[in-house]
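Q:
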Amino acid sequence: MKSLEEREEVIELETDPYVLNIGPHHPSTHGVFRMRVLFDGEVAVDVEPMLGYLHRGIEKLAETRTYTQAIPLTDRLDYLASMTNNVAYCMTAEKLAGIKVPERAEYIRVILSELMRVSSHIMALGFLMNDLGSLFTPLFYAAREREKLLDLFEMVSGQRLLYNYMRIGGVSQDVPERFVKKAQQFVDEFPGYLDEIDNLLTENEVFRMRAEGVGALSAEDAINYSCSGPVLRACGVNRDIRRDDPYSIYDRFDFDVVTGENGDVYDRYRVRLEEIRQSVRIVKQALRDLPGGEVQTKHAHFLRPPVGEAFSRIEAPKGELGFYLVSDNSIAPYRFHVRPPTLLNLSPLRDMIVGWKLADAILILGSIDIVLGEIDR
Amino acid sequence: MESPLFDNWWGHWGVFTAACIFGALTLLLVFLWFDRRYWARFQIRVGPNRYGPGGFFQVLADGMKMALKEDIIPDRADKVLHGIAPILVMFPVVALFAIIPYANARAGLVPDLNIGLIYIVAISSVVGIGLLTAGWASSNKYSLLGGMRAIATIVSYEFPVVLALIGVGLMAGTLSVNGIVEAQEQNGWFIFMQPLGFLIFFIGMMAEISRSPFDFAECESELGCGVNTEYSGLRFGIFQMVEFMEGIFMAFLVATLFLGGYSFPGSLGTLPEGAGGTILGIGFLMLKVFIVYLVLGWIKCTMPGRLRIDQWMGFAWKGLLPLAVLNIFIIALEVVAFGGGADFPAWAMLINIPACVLLILLWSRLWNTGGGRVDVRAIR
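In structure tokens:
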């Protein structure tokens, strides 16, 4: 017979941690991301992300196609920001083949990239609010703005999601006459709509209670994990490839690099919101300076770049998007590699989520703004 | 209403039980249709407008779809509990409509029940048992979490709700719901005489009926679908129906307890005898119910998110509970000091409205959400 004290130790209240499988068909995993989370009650103790549900072998597929045929494949990487994927790939191929892009095409690329950034960020904000538990209302207002942008993209490319618009050495066709007018109208009207969203959400008590301090990532960790884009800048690291390593014609435009302080969900939200304003600023300048002329450099139909390799990177909406191409002087790339921003932004997931509750885990995942097409490729 | 049918208890019971059940279901159609169109307007959409005039029969079509779908019971679920959980959730909500006085003390199943408020509190808590049963029996972690959150919410918010109801009872001097309406007819609506109690009751009741954005039983963005994850077909339809019926019931309760029920201020409020007065009373009540329901929908559509579960519990225990206790204290003092006098409503308004503003301001400064990151090593 044990003493009472011994028995007390035995029946001391113990809680069993349990594994909760979040995804791949969970409503808030932004596609088919899956994470297995070890919970103690409501608190996340450990996280195990599982990738690959959207793996289509895009890198391998691209190696069996010509350089031009690979462009539509890049659309399918980050399908919420197809234009910037096109730009990044075409820039790399141009670097490899030594092709110069006409001035007008560069301007069109900048305008469309920045509009794409607006579209991607505004949807990120809408989805973040959904993850917070709102019943789709902010998302619809974000989608309304995106709809106008999709109309603009449809005008230039005929497509609304996967544009396949950029070409090696320029863009596939000149923008129609009315595009410039419509884009000008959009950048004039849009800041008002953005202020509306800003006024409603940024200082909202519920949002601040949920988001401030949640999922904070230190600047050191963010750099060590090789984060980029809004996730990195929210930590206070002043880094933007558009300014630090200017590609295309970004050195001609005047814009600010937005940084946060704490690297939490709230700062990521604020950085995205402010970046939208900066993008609109760039588009305004580019539309003002848009020159005339050719939009496409003549080159051989089947591009055969000299043997060698090239890497180039751009500041995509979600971070640093890089392409690495190796040529063996055939019509298809010998090696086609993508440096996806969201996969690397996702890598500190465990550090961010552990210690927070289930609801926070969803919110943190939403604040990284992942797109599975890019992560799984 | 002096017909023989209504002097016979069983006749009365039969008529009003049928009226409660079918009335609640019909109201559901109207409110649900309106709710969906109204919700769509908030979200710059059109809403369902294809089936029937203005999409009115969309709800019916959805219900029929639910009924015709396969009812899947998970292999590892507790089949008996899984089966009865929707019924456990459904029946208290219908039973709650019994207490509402629709036009006078006799129009309704038991509106003059002398323990009316206790009945409300007791029966409305049974929903929590149904939700927990559903969560537990589904053998799904999401369901279990949803059920646990639902029960935690209901247990925590029961206190502020009950304390706010005590304020109503104190001021009316009775627990009978019809008595409370009559007291408001004499003194003025309780929303003006105890605004703090009204706000506490409103928030607490929204939590108890898991009304979005406090839908911790469902938590769509976090838990998939919460307690109804493993339900399909008609059983899922029942859960959906109960969610909306609870919303309607809450609108009825708020209209009855705080907005004067079937009474109306001014000369319009003197209801004539007979059937005309009954219809007019029901009309007034429905108008108020409709307005409360609009406010509920408004909150649902515009809140940008829900609180975390620990913040939400903290809000009940640290925010609403002390305020509710203070509210009772103030009202009790007023009733002792001015109770029964003709100037009682004036005094109550004069003291309670500033007190409400001051206390809420004070609490918003004092209240701290707490929570935050947990040191996981300490847990292990």
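Chains as they are written, first to last, in numbering that gives the first Met the number 0: chain A, 0 to 376; chain B, 0 to 379. We treat Cβ as the ideally placed atom computed from N, Cα and C, and that holds for glycine. Here the structure is a predicted model, which is why all the values come from computation and not from measurement.
Just the C-alpha distance for E184(B) and V29(B), rounded to the nearest angstrom, thanks.
A: Locating residue 184(B) in the second sequence gives position 185, counting from the first residue. Locating residue 29(B) in the second sequence gives position 30, counting from the first residue. Roughly 28 angstroms between the two C-alpha positions.
Q: How would you call F197(B), buried or exposed, if buried means at least 16 neighbouring beta carbons within 10 angstroms?
A: Stepping through the second sequence from its first residue, residue 197(B) is reached at position 198. Flag for F197(B) reads buried.
Q: May I ask which residues mark the beginning and end of the beta strand (DSSP E) holding R35(A)?
A: As a position in the first sequence, residue 35(A) is number 36, starting the count at 1. That run of the beta strand (DSSP E) goes 33-39.
Q: Return the chain-ordered ranges of every alpha helix (DSSP H) run that is complete within the segment 137-221 of chain A and spans a minimum of 4 residues.
A: 176-200, 204-210
Q: Let me know the alpha helix (DSSP H) ranges lying completely inside the segment 53-100 of chain A, each 4 residues or longer, listed in chain order.
A: 57-61, 70-74, 81-96
Q: Among the candidates P16(A), S346(A), A43(A), whose CA atom is the shortest distance from the CA of L216(A)?
A: For this step, residue 216(A) is matched to residue 217 along the first sequence. The option with the nearest alpha carbon to L216(A) is S346(A).
Q: Which chain B residues are close to V179(A), counting only those with a beta carbon under 7 angstroms from its beta carbon?
A: Numbered from its first residue, the first sequence carries residue 179(A) at position 180. The premise fails here: V179(A) is roughly 27 angstroms from chain B at the closest Cβ pair, so nothing lies under 7 angstroms.
Q: Pick helix, strand or coil for I114(B), following the three-state DSSP scheme.
A: As a first step, residue 114(B) must be located in the second sequence, where it is residue number 115. In the structure shown, I114(B) sits in coil (DSSP, three-state: anything other than H, G, I, E or B).
Q: According to the neighbour-count rule (16 or more other Cβ atoms, all chains shown, within 10 Å of its Cβ), is R364(B) buried or exposed?
A: As a first step, residue 364(B) must be located in the second sequence, where it is residue number 365. Answer is exposed; the Cβ neighbour count stays below 16.
Q: For chain B, is any of its Cβ atoms less than 8 angstroms away from the one on V205(A)?
A: Your numbering for residue 205(A) matches position 206 in the first sequence. Taking Cβ atoms only, chain B reaches closer than 8 angstroms to V205(A), which makes this a yes.
Q: What are the boundary residues of the alpha helix (DSSP H) that includes H11(B)?
A: Locating residue 11(B) in the second sequence gives position 12, where the first residue counts as 1. H11(B) -> alpha helix (DSSP H) spans 8-41.
Q: Using the DSSP secondary-structure output, state which residues sit across from I21(A) in a beta bridge.
A: If you number the first sequence from 1, residue 21(A) lands on position 22. Looking at the DSSP assignment, I21(A) forms a beta bridge with M34(A).
Q: Three-state secondary structure (DSSP) at E242(B)?
A: Residue mapping note: residue 242(B) aligns to position 243 of the second sequence, counting from 1. If DSSP states are grouped into helix, strand and coil, E242(B) belongs with the helices.
Q: State the Cα-Cα distance for the pair T173(B) and V88(B), rounded to the nearest angstrom.
A: Taking the first residue of the second sequence as position 1, residue 173(B) is located at position 174. Taking the first residue of the second sequence as position 1, residue 88(B) is located at position 89. Answer to the nearest angstrom: the Cα atoms are 29 angstroms apart.
Q: Count the other CB atoms, across all protein chains shown, that sit within 10 Å of the CB of A218(A); report buried if there are 16 or more and exposed otherwise.
A: Locating residue 218(A) in the first sequence gives position 219, counting from the first residue. By the 16-neighbour rule on beta-carbons within 10 angstroms, A218(A) is buried.
Q: By a C-beta neighbour count over all protein chains shown, 10 Å radius and 16 as the cutoff for buried, is E242(B) buried or exposed?
A: Counting from 1 along the second sequence, the entry for residue 242(B) is found at position 243. So E242(B) ends up on the buried side.
Q: Hey, is N7(B)'s beta-carbon within less than 8 angstroms of any beta-carbon in chain A?
A: If you number the second sequence from 1, residue 7(B) lands on position 8. Not one chain A Cβ lies under 8 angstroms of N7(B).
Q: Which residue comes first and which comes last in the beta strand (DSSP E) that contains V337(A)?
A: On the first sequence, position 338 is the one that residue 337(A) refers to. Unbroken beta strand (DSSP E) run through V337(A): 334-338.
Q: Taking R145(A) as the query, report the chain B residues whose CB atoms sit under 8 angstroms from its CB, ordered along the chain.
A: Translated into positions along the first sequence, residue 145(A) becomes position 146. The contacting residues do not exist; R145(A) stays about 13 angstroms from chain B at best.
Q: Would you mind sorting Y333(A) into buried or exposed? The rule is 16 or more other CB atoms within 10 Å of its CB.
A: Here the question's residue 333(A) lines up with position 334 in the first sequence. Label assigned to Y333(A): exposed.
Q: For Y156(B), which of helix, strand or coil comes out of DSSP?
A: The count along the second sequence starts at 1 and reaches residue 156(B) at position 157. Helix, per DSSP.
Q: Within this structure, are the beta carbons of L76(A) and V306(A) separated by less than 8 angstroms?
A: Counted from its first residue, the first sequence places residue 76(A) at position 77. Counted from its first residue, the first sequence places residue 306(A) at position 307. For L76(A) and V306(A), no; Cβs fall outside 8 angstroms.
Q: Which residues, in chain order, does the segment 196-212 of chain B contribute to contact with chain A at a C-beta distance below 8 angstroms?
A: S211, P212
Q: Are at least three pairs of beta-carbons, each pair with one atom in the segment 8-19 of chain B and one in the segment 102-111 of chain B, less than 8 angstroms apart?
A: yes
Q: If you follow the alpha helix (DSSP H) that L349(B) is part of, which residue opens it and which one closes it?
A: Along the second sequence, read from residue 1 onward, the residue named residue 349(B) stands at position 350. 343-365 is the span of the alpha helix (DSSP H), which, as asked, contains L349(B).
Q: Report the neighbours of D309(B) on chain A: residues whose CB is nearer than 8 angstroms to its CB, in chain order.
A: Looking up residue 309(B) in the second sequence gives position 310. Per Cβ cutoff of 8 angstroms: E41, K356.
Q: Under a Cβ-count criterion, where at least 16 other Cβ atoms within 10 Å of its own Cβ denotes burial, should D214(B) be classed as buried or exposed?
A: On the second sequence, position 215 is the one that residue 214(B) refers to. Answer is buried; the Cβ neighbour count reaches 16.
Q: Out of curiosity, what's the CA-to-CA distance linking A61(A) and I98(A)?
A: Residue 61(A) sits at position 62 when you count from the first residue of the first sequence. Residue 98(A) sits at position 99 when you count from the first residue of the first sequence. So the two alpha carbons sit approximately 20 angstroms from each other.
Q: Apply the 10 Å Cβ neighbour rule to E105(A) and answer buried if 16 or more other Cβ atoms are within range, or exposed otherwise.
A: Taking the first residue of the first sequence as position 1, residue 105(A) is located at position 106. Buried, by the Cβ-count rule.
Q: May I ask you to verify whether the segment 311-320 of chain A touches the segment 76-85 of chain A, counting CB pairs closer than 8 angstroms and requiring at least 3?
A: yes
Q: Please list, in chain order, the chain A residues whose beta carbon lies closer than 8 angstroms to that of L306(B).
A: Translated into positions along the second sequence, residue 306(B) becomes position 307. The answer, in chain order, is V205, M208, R209.
Q: Would you please verify whether the beta carbon of T228(A) is less than 8 angstroms from any beta carbon of chain B?
A: To locate residue 228(A), count along the first sequence from 1; it is residue 229. Looking at the sequence provided, one finds Gly at residue 228(A) rather than Thr. With 8 angstroms as the cut-off, G228(A) does not count as an interface residue toward chain B.
Q: Which same chain residues, not among the five before or five after L37(A), have their C-beta less than 6 angstroms away from its C-beta?
A: Counted from its first residue, the first sequence places residue 37(A) at position 38. These residues qualify, in order along the chain: P16, V18, V44, D45.
Q: Leaving out five residues on either side along the sequence, give the residues of the same chain with a beta carbon under 7 angstroms from the beta carbon of F248(B).
A: Here residue 248(B) is taken as the residue at index 249 of the second sequence, counted from 1. Cβ within range, chain order: V92, L95, F96.
Q: Quick check: the Cα distance between R103(A) and I110(A), rounded to an integer number of angstroms?
A: As a working note, residue 103(A) is residue 104 in the first sequence. As a working note, residue 110(A) is residue 111 in the first sequence. Going from the Cα of R103(A) to the Cα of I110(A) covers about 11 angstroms.
Q: For the pair the segment 319-338 of chain B and the segment 148-166 of chain B, tell me if three or more CB-CB distances fall below 8 angstroms.
A: Proximity of the segment 319-338 of chain B to the segment 148-166 of chain B meets the contact definition, three or more beta-carbon pairs being nearer than 8 angstroms.
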